[in-house]
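Asker: Mapping of the sequence shown onto my numbering: position 225 corresponds to residue 225, and the numbering continues sequentially without gaps.
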Amino acid sequence: KAYPPSCIADPVPDQTSGPTYTTTANLAAYDSVNNQTVLEGVTIRIWRIACSSSDSVNAVTLMRIQRQSIYEGDQEVYPLFPVTAIQQGGITYDDPNLRSYARTAVEPNTVITDVLPDTPIVNSTTYILENYANPNSGFFDFNESFGIRFDNLDQNSPYYFINVPAYNPTVGTYPDAFQNIPVSGYLSTSWYNPATSGEGIVMQVYELLGDTQNFIVNFTWSAYDPSGLPFWLTGQVTVPRGTRTVTTPMFYVTGGGLGGNAGAADPPTPWGTATLGFSDCNHLTLTYASNPGLPAIVPQGSGTRSWLRLGRLNGMDCE
Numbered sequence: 001k002a003y004p005p006s007c008i009a010d011p012v013p014d015q016t017s018g019p020t021y022t023t024t025a026n027l028a029a030y031d032s033v034n035n036q037t038v039l040e041g042v043t044i045r046i047w048r049i050a051c052s053s054s055d056s057v058n059a060v061t062l063m064r065i066q067r068q069s070i071y072e073g074d075q076e077v078y079p080l081f082p083v084t085a086i087q088q089g090g091i092t093y094d095d096p097n098l099r100s101y102a103r104t105a106v107e108p109n110t111v112i113t114d115v116l117p118d119t120p121i122v123n124s125t126t127y128i129l130e131n132y133a134n135p136n137s138g139f140f141d142f143n144e145s146f147g148i149r150f151d152n153l154d155q156n157s158p159y160y161f162i163n164v165p166a167y168n169p170t171v172g173t174y175p176d177a178f179q180n181i182p183v184s185g186y187l188s189t190s191w192y193n194p195a196t197s198g199e200g201i202v203m204q205v206y207e208l209l210g211d212t213q214n215f216i217v218n219f220t221w222s223a224y225d226p227s228g229l230p231f232w233l234t235g236q237v238t239v240p241r242g243t244r245t246v247t248t249p250m251f252y253v254t255g256g257g258l259g260g261n262a263g264a265a266d267p268p269t270p271w272g273t274a275t276l277g278f279s280d281c282n283h284l285t286l287t288y289a290s291n292p293g294l295p296a297i298v299p300q301g302s303g304t305r306s307w308l309r310l311g312r313l314n315g316m317d318c319e
């Protein structure tokens, strides 16, 4: 599974948030100076990040192996990544069909990365718990409760365990789950309201070349004037990445003609303001207010409207 930026992006967090489940473990470590295996105490933490989902409650499950500060970055003696086994549903830690192993990745595009047992852990690292894309492997829903076991593959070393309850967000534990989702290109689409056929919004969210820190939000509201003729309102604003609510001035244009037969249109005329927010990938809320003193032929008013996503852009999933 690959996670969109609205959920998690690379680099993944190095600080926990929300409910955290922890154990301390003595992991097998390699002493390269003396060419021997020793033990190093680490802290293993598991936590979740709220991830919007239009169909169900959803989160990303992260695991961090934290070295002690005095050993951080030590390249001569370093712990080795343990075997991680999952227990959930009918799959036990020692599943006879070897279905209990989870995939651990270090970046969100988890279809291409995996961390194997005995991989050196020179620096403290955060991993994403995921499934293998193999029908013979176990499939785990990390939103549900599960247990995880850490194994040094040494008969003289004990197992270490963490039990993680089901993801059940509340405003107190996972406030991000109850906020608008961050604006991103995944929200570029057409929006409609079934109660107002013939009216809609076309939205584009994109980056300028060379600027990865900001988004341009551009949208056109296709509506009608008091006489019933088509009337378009347009808004555009630049917002920092991570913005959850967008406020922009809105304009309308007059003059011009079909195919440019009447020459250039008049300069845009300010109409009012609009604020947009997305509770999830499929729902847009638009609050608007027109400026006072507009011509009588121009539609005016204020209010809040709800819109539904019409389709996906080039098959890109939004979460």
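Built from N, CA and C at the ideal position, the CB exists for glycine as well.
Since this is a predicted model, take the numbers as computed values, not measurements.
CB Arg45 to CB Thr22, shorter than 7 Å?
Answerer: Yes, Cβ-Cβ distance for Arg45 and Thr22 is below 7 Å.
Asker: How far does the beta strand (DSSP E) with Tyr288 in it reach, from first residue to last?
Answerer: Taken as a continuous stretch (DSSP letters only), the beta strand (DSSP E) holding Tyr288 covers His283 to Ser290.
Asker: Are any of the Cβ atoms in chain D nearer than 7 Å to that of Leu62?
Answerer: Absent from the structure is chain D; it holds one protein chain and no more.
Asker: Please classify Ser69 as buried or exposed, where buried requires at least 16 other C-beta atoms within 10 Å of its C-beta.
Answerer: Exposed, since its Cβ has fewer than 16 Cβ neighbours within 10 Å.
Asker: Rounded to whole angstroms, what's the CA-CA distance from Ile128 to Glu107? Just pull it up for me.
Answerer: Rounded to the nearest angstrom, the two C-alpha atoms are 7 Å apart.
Asker: In terms of alpha-carbon separation, which member of Thr220, Ser227 and Ile297 lies closest to Pro248?
Answerer: The sequence as given places Thr at residue 248; Pro does not occur at that position. Nearest of Thr220, Ser227 and Ile297 to Thr248, Cα basis: Thr220.
Asker: Quick check on DSSP: helix, strand or coil for Phe178?
Answerer: Looking at Phe178 - three-state DSSP - the assignment turns out to be helix.
Asker: Please tell me whether Val183 and Val205 are closer than 7 Å, where the distance is taken between their beta carbons.
Answerer: Closer than 7 Å, so yes.
Asker: To the nearest angstrom, report how far apart Asn26 and Cys318 are at their CA atoms.
Answerer: So the alpha carbons of these two residues sit roughly 40 Å apart.
Asker: Here's the rule: buried if 16 or more other CB atoms are within 10 angstroms of the residue's CB, otherwise exposed. What is Thr104?
Answerer: Thr104 is buried by the Cβ-count criterion.
Asker: Using CA atoms only, rank isn't needed, just tell me which of Val42, Thr37 and Ile8 is closest to Thr24.
Answerer: Looking at the Cα atoms, Val42 is the closest of the given residues.
Asker: Which stretch, first to last residue, makes up the beta strand (DSSP E) that contains Val42?
Answerer: Gln36 to Ala50 is the span of the beta strand (DSSP E), which, as asked, contains Val42.
Asker: Report, in whole angstroms, the separation of the C-beta atoms of Gly277 and Thr285, which I expect to be a contact under 8 Å.
Answerer: So it is a contact: roughly 5 Å between Cβ atoms.
Asker: Can you give me the start and stop residues for the beta strand (DSSP E) that Gln68 sits inside?
Answerer: Here Gln68 belongs to no beta strand (DSSP E), and DSSP marks it neither H nor E.
Asker: What first and last residue would you give for the beta strand (DSSP E) that runs through Gln236?
Answerer: Its beta strand (DSSP E) spans residues Pro230 to Pro240.
Asker: Keeping to the same chain, check which residues put their C-beta closer than 7 Å to that of Pro226; ignore five residues upstream and five downstream.
Answerer: Contacts found: Ile297 and Pro299.
Asker: According to DSSP, Arg312 sits in a beta bridge with which residue or residues?
Answerer: Partner(s): none; Arg312 has no beta bridge.
Asker: Let me check one thing: in DSSP terms, what residues is Val202 bridge-paired to?
Answerer: BP columns for Val202 point to Ser190 and Thr220.
Asker: In the DSSP assignment, what are the bridge partners of Ser306?
Answerer: Thr285.
Asker: Taking the straight line between their C-alpha atoms, what separation do you get for Ser188 and Pro230?
Answerer: So the alpha carbons of these two residues sit roughly 23 Å apart.
Asker: Using the Cβ count rule (16 or more neighbours within 10 Å means buried), how would you classify Asn152?
Answerer: By the neighbour-count rule (16 or more Cβ atoms within 10 Å), Asn152 is buried.
Asker: What residue does the beta strand (DSSP E) around Gly147 start on, and which one ends it?
Answerer: Here the beta strand (DSSP E) through Gly147 covers Phe146 to Asp151.
Asker: So, at 7 Å on beta carbons, what are the nonlocal neighbours of Asp10 in its own chain, with the 5 sequence-adjacent residues on each side left out?
Answerer: So the list reads Glu107 and Pro108, once near-sequence residues are dropped.
Asker: If you follow the beta strand (DSSP E) that Gln87 is in, where does it begin and where does it stop?
Answerer: Run containing Gln87: Val83 to Gln87, per the beta strand (DSSP E) assignment.
Asker: In terms of alpha-carbon separation, which member of Cys7, Gln75 and Gly255 lies closest to Ser32?
Answerer: Comparing Cα-Cα distances from Ser32 to each of Cys7, Gln75 and Gly255, the minimum goes to Gln75.
Asker: Quick check on DSSP: helix, strand or coil for Gly185?
Answerer: Reduced to three states, the DSSP call for Gly185 is helix.
Asker: Which residue from Asn163, Asn156 and Val239 puts its Cα closest to that of Asn143?
Answerer: The residue with the shortest Cα to Cα distance from Asn143 is Asn163.
Asker: First and last residue of the beta strand (DSSP E) that includes Ile112?
Answerer: Careful: Ile112 lies outside any beta strand (DSSP E) and carries neither H nor E.
Asker: To the nearest angstrom, report how far apart Pro292 and Val237 are at their CA atoms.
Answerer: Straight-line Cα distance between these residues: approximately 22 Å.
Asker: Could you name the residues of the same chain whose beta carbon sits closer than 7 Å to that of Tyr132, not counting the 5 residues immediately before and after it, in chain order?
Answerer: Result list for Tyr132: Arg103, in chain order.
Asker: Are Ala29 and Pro79 closer than 7 Å when you measure CB to CB?
Answerer: It is a contact, given that the beta carbons lie within the stated cut-off.
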